[in-house]
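Contents: one structure, followed by commentary.
There are 2 protein chains.
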Amino acid sequence: MIIDFETTVQRLRDCDNVQILTHNNPDGDTLGSGFALLHGLRALGKRVCLQTETPVPERYAFLVPDDAMAEFTPQTVISVDVADKALLEKGARAALGDRVDLSIDHHGGNRIFAKETYVDSDAAAVGEIVFLLLTALGVPVTPVIADCLYTACATDTGCFLYSNTTARTHRIAADLIAAGADYVRLNTRLFETKSVGFIRLQQQCLNGMELLAGGALCILTITRAMLHDTGCSEADLDELVGLTRQIEGVRIGVTLKEKPDGGFKISLRTHDDIDAAAVCAKLGGGGHRCAAGCSFNGTRDALLQKLLPVLRDALKEGAAQ
Amino acid sequence: MIIDFETTVQRLRDCDNVQILTHNNPDGDTLGSGFALLHGLRALGKRVCLQTETPVPERYAFLVPDDAMAEFTPQTVISVDVADKALLEKGARAALGDRVDLSIDHHGGNRIFAKETYVDSDAAAVGEIVFLLLTALGVPVTPVIADCLYTACATDTGCFLYSNTTARTHRIAADLIAAGADYVRLNTRLFETKSVGFIRLQQQCLNGMELLAGGALCILTITRAMLHDTGCSEADLDELVGLTRQIEGVRIGVTLKEKPDGGFKISLRTHDDIDAAAVCAKLGGGGHRCAAGCSFNGTRDALLQKLLPVLRDALKEGAAQ
Chain A
147 MIIDFETTVQ RLRDCDNVQI LTHNNPDGDT LGSGFALLHG LRALGKRVCL QTETPVPERY
207 AFLVPDDAMA EFTPQTVISV DVADKALLEK GARAALGDRV DLSIDHHGGN RIFAKETYVD
267 SDAAAVGEIV FLLLTALGVP VTPVIADCLY TACATDTGCF LYSNTTARTH RIAADLIAAG
327 ADYVRLNTRL FETKSVGFIR LQQQCLNGME LLAGGALCIL TITRAMLHDT GCSEADLDEL
387 VGLTRQIEGV RIGVTLKEKP DGGFKISLRT HDDIDAAAVC AKLGGGGHRC AAGCSFNGTR
447 DALLQKLLPV LRDALKEGAA Q
Chain B
147 MIIDFETTVQ RLRDCDNVQI LTHNNPDGDT LGSGFALLHG LRALGKRVCL QTETPVPERY
207 AFLVPDDAMA EFTPQTVISV DVADKALLEK GARAALGDRV DLSIDHHGGN RIFAKETYVD
267 SDAAAVGEIV FLLLTALGVP VTPVIADCLY TACATDTGCF LYSNTTARTH RIAADLIAAG
327 ADYVRLNTRL FETKSVGFIR LQQQCLNGME LLAGGALCIL TITRAMLHDT GCSEADLDEL
387 VGLTRQIEGV RIGVTLKEKP DGGFKISLRT HDDIDAAAVC AKLGGGGHRC AAGCSFNGTR
447 DALLQKLLPV LRDALKEGAA Q
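Shown next, in the form of structure tokens:
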């Protein structure tokens, strides 16, 4: 069931012994908004835990408080930034996938898998929503909460660069900075620090970059061997995925990420004229208008044979609009 | 003479037949705040002109209105984002350098060359100051003015990334977006568009990148041939120069740019522990603590023979601090 903002505030006021769930391959928004919610509900005297199954990426490790683990039996399960049960971490999906009490999300395409769902698709990040919820609950935004929420908002907007950024995002960023977010240190850590491995991966990606369809199509391929050679992980790939769309003339940026068990995860990035989610839907995936993804089991050649005609059609349709 | 905000508002209210001056090699802040001031003062019924001597860089060409030229004899000369008379464009410096009536600036080190100077060094961009001035003057922030001021604020902060960004910067960005700044298009244009040539140059740079001194020293070399092959110009190199310092473990980032007449321009980037200006001073150059430069006439080998010992000393001294 979809619920409104006020009801969501009421649910948060009434809950206790809360377990917060993030999405798999956790990013700055799911972690930042999750831990902000943890701190906020604890400030209201509640017991709250949040633990991920895979280690939190080093970049976001500072968000995790020492006492984030459960030391109680959860009664209320809340997911943040999770659009679909399938996107929960594996263990959580098996154990709790059918008993999420409240889903707080900003994906317009949320699959409404929880008992109650609050979606604000105008929010650039769930961090925005959690800021508004905590404020409505009367929870003071401490510097620690401000750091969590700034991380959530800044990472999901590429530091206020992406088109999901709104006037409200900037107002909330201002409030978070005023509340003590250590934003200069966070910006350096989140956006201005690159590992040598990442630089080497970027180098290999650029060396293998393909520009097709007269430069309208950019394809980057990232193999397991490249990740292994450079010591990079999935979490390092976002910037490279984004790069495909930044190249002048490129209308669809495609990143093919080889999966551990073979096959590829495909990330599409477009500008406003081409609906990436619609393209990915044709291949069994989904996402947002300008950022979507799908998966393919098979060789790179087989994948391209299936993918390229769909992309060329999308380029034609986009041009015709 | 230094004047305060209220006096500056009064001067703007009283002036007419205004010529606005920008700094040389004009950037997004001097142009954006200059043209915003032009539109704002015109909205108050005044005649205002702003023309640069060198062509406005293509990236900022959209800021220039068709009727920016002078068609009257200027009575009041106002400079924006100009810290020193020496930074005016050549012709303006000769003709008007000693008769600037009002300097509006955000550089703490402004040389106070104008009759009256208003400096707000807390402003990340002069765009912030012009926003506050126009608001105080009761000038409605139209979408055109909002575009100018957003460009000014966003470019001087690297899209709200650099440490000069404050809560006020974000609040003003929010107001500008609410006033109709076409920020999605502007962000794409200003930050997310890389030419294929630039990507190829980056690729070549990374392929030739050297990490020395256990990864504490990163050296990029950019030859004339690389610029020629990729169609890039000097103006494209800032991002690559900045990249050297972003690599984890690198304490001195060095970019060697081959000069048209042979020899090299050397750009140094450091973190706080090493004084780049002091290092460059040993080679006849200078600059800021974390960003400095010098020049060398001779081959790359001869340059490295001279440069590397100085850099190794600096690493040792930095480590000893």
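In the order they appear, the protein sequences are chains A and B. Position in the first sequence counted from 1, then plus 146, gives you the numbering used here. Position in the second sequence counted from 1, then plus 146, gives you the numbering used here. Beta carbons are placed, not taken as given, at the ideal position from N, Cα and C, and that holds for glycine.
Under the DSSP assignment, Glu385(B) falls in the alpha helix (DSSP H) whose first and last residues are Asp384 to Gln392.
Note on geometry: alpha-carbon atoms of Glu217(A) and Asn163(A) lie some 10 Å from one another.
The stretch 288-307 of chain A and the stretch 173-188 of chain A touch, with three or more beta-carbon pairs separated by less than 8 Å. Judged by DSSP in its simplified three-state form, Thr281(B) adopts helix. Around the Cβ of Met147(B), a 10 Å sphere holds fewer than 16 other Cβ atoms; the residue is exposed.
Within the stretch 410-459 of chain A, the beta strand (DSSP E) runs of at least 3 residues that lie entirely inside it are, in chain order, 410-416 and 437-442.
At a cut-off of 8 Å between beta-carbon atoms, Ala381(A) makes no contact with chain B. Taking 8 Å as the cut-off, the Cβ atoms of Ala229(B) and Asn256(B) count as close.
In the three-state reduction of the DSSP assignment, Leu248(A) falls in the strand class.
Secondary-structure assignment with DSSP links Lys261(A) through no beta bridge to anything. Contact between Val400(A) and Ile365(A) is confirmed by a C-beta separation of about 5 Å, below the 8 Å threshold. Comparing C-alpha distances from Phe208(A) to each of Ile224(A), Gly395(A), Thr312(A) and Gly178(A) shows the shortest one belongs to Gly178(A). Three or more pairs of CB atoms, one per stretch, sit closer than 8 Å, so the stretch 439-459 of chain A contacts the stretch 407-415 of chain A. Leaving aside the five residues that flank Arg435(B) on each side, the residues in its chain whose CB is nearer than 8 Å to its CB run, in chain order, Thr416, Asp418, Asp421, Ala422 and Ala423. Contact annotation: Met372(A) and Leu347(A) have beta-carbon atoms nearer than 8 Å. Residue pairing by DSSP places Leu357(A) opposite Cys364(A) in a beta bridge.
By the C-beta criterion, the stretch 280-296 of chain A is judged not to be in contact with the stretch 309-317 of chain A, since fewer than 3 inter-stretch pairs fall below 8 Å. With a threshold of 8 Å between beta carbons, Gly464(A) makes no contact with chain B. The beta-carbon distance between Glu274(B) and Thr315(B), rounded to whole angstroms, is 6 Å. This is short enough to meet the 8 Å contact definition. Of the other Cβ atoms in all chains shown, 16 or more fall within 10 Å of the Cβ of Met355(A); this residue is therefore buried.
Setting aside the 5 residues that flank it on each side, Ala292(A) is surrounded in the same chain by Leu322, Ala325, Gly326 and Ala327, each with a C-beta closer than 7 Å to its C-beta; the list follows chain order. Residue contact with chain B for Ser341(A): present (Cβ-Cβ distance below 8 Å to some residue of chain B). Leu278(A) is outside the set of residues whose beta carbon lies under 8 Å from a beta carbon in chain B. Close partners of Leu429(B) in chain A (Cβ separation under 9 Å) are lacking, with about 26 Å as the shortest Cβ gap. DSSP, reduced to helix, strand and coil, places Lys236(B) within a helical segment of the structure shown. Distance from the CA atom of Ala271(B) to the CA atom of Phe151(A), rounded to whole angstroms, is 37 Å.
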